[in-house]
Amino acid sequence: MLISGNMKQNRNDRGNHQANYLIAVILFTLVSFSSQAYGTDNISSHEHNASINTTNSSLHIHPDTNLSAVFLLKDDAEQIQVNIGDFGTKNPVSSQPHGFPIRFFNANAQNISYETITINASYSEMELNGTDEDKLLIYRHEHNNSTWIMLPTKVNKEGNTLEATTDKK
Numbered sequence: 032m033l034i035s036g037n038m039k040q041n042r043n044d045r046g047n048h049q050a051n052y053l054i055a056v057i058l059f060t061l062v063s064f065s066s067q068a069y070g071t072d073n074i075s076s077h078e079h080n081a082s083i084n085t086t087n088s089s090l091h092i093h094p095d096t097n098l099s100a101v102f103l104l105k106d107d108a109e110q111i112q113v114n115i116g117d118f119g120t121k122n123p124v125s126s127q128p129h130g131f132p133i134r135f136f137n138a139n140a141q142n143i144s145y146e147t148i149t150i151n152a153s154y155s156e157m158e159l160n161g162t163d164e165d166k167l168l169i170y171r172h173e174h175n176n177s178t179w180i181m182l183p184t185k186v187n188k189e190g191n192t193l194e195a196t197t198d199k200k
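Numbering (my numbering), first residue to last: 32 to 200.
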C-alpha cells in the first residue's frame, strides 16, 4: 500500500507547484522479512506484540510503533505467520508509485484466510516536509498488473497516523 496526496511544496530552485506525495507503501507479497509476528490460535502463544481477539475473530500485529495490521479472519486459524517489513525510502518493486516516496512497507500473511486487513501507519512531521496531512492516501500494490490501487484513507493529524482497509486480492 502507498500513501499519497496533492499539495503545494516550496522548492528553492522550482518555486511553488502542485505535486503528488507518497508517505508509505504496504506491499502484499510472499517474501519473508526480519520483523515477524506470530500468533497461534487456541494456545495463546504470541510473539512480537501479536494478539488474537477471539470475540471478533481478528489478529492484531504490532511489530513496532510505525505500522500495525489487523486481519479480520474468515476461519479459525492455527500456526499463523505474519511478516511485516519497513523498506524506508527504497521501493522494493520495479513499478513506480505516483508521487514522492517517503516510506515503503510490506505486510503478508501465511496460513491464514482473511476477509480484510486494516493497516495503521504512523508518520512524523519531519517526514512530511510541509506536506498537507489532509491530502495523504494509502495505496496497495497489485503484483498481477504492477499497478498501485488507492484505498480510502483516514488521517489522524493529532496522532500522526493513517488508516486504510483492504480486502484480500
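Built from N, CA and C at the ideal position, the CB exists for glycine as well. All values derive from a computational prediction rather than experimental measurement.
Same chain, Cβ closer than 6 Å to residue i, five either side skipped, listed in chain order
{"i": "residue 73", "result": "Interpretation of residue 73 is limited by its pLDDT of 28, a score under 50 that renders its predicted location unreliable; the figure taken from the coordinates is listed afterwards. Excluding residues within five positions, none has a Cβ falling inside 6 Å."}
{"i": "residue 177", "result": "126"}
{"i": "residue 196", "result": "147, 149"}
{"i": "residue 198", "result": "147"}
Burial state of residue i (16 or more Cβ within 10 Å)
{"i": "residue 137", "result": "buried"}
{"i": "residue 155", "result": "exposed"}
{"i": "residue 120", "result": "exposed"}
{"i": "residue 174", "result": "exposed"}
{"i": "residue 183", "result": "exposed"}
{"i": "residue 161", "result": "exposed"}
{"i": "residue 190", "result": "exposed"}
{"i": "residue 63", "result": "Residue placement at residue 63 is poorly supported in this model, since its pLDDT is 19, which falls under 50; the coordinates still yield a value, given next. Label assigned to residue 63: exposed."}
Beta-bridge partners of residue i, as assigned by DSSP
{"i": "residue 173", "result": "178"}
{"i": "residue 126", "result": "Partner(s): none; residue 126 has no beta bridge."}
{"i": "residue 241", "result": "Residue numbering for the chain in the displayed model covers 32 to 200; residue 241 lies beyond these limits and cannot be assessed."}
Cutoff 7 Å; reference residue i; Cβ partners in own chain excluding five residues on either side
{"i": "residue 186", "result": "164, 165, 167, 193"}
{"i": "residue 181", "result": "168, 170"}
{"i": "residue 188", "result": "164"}
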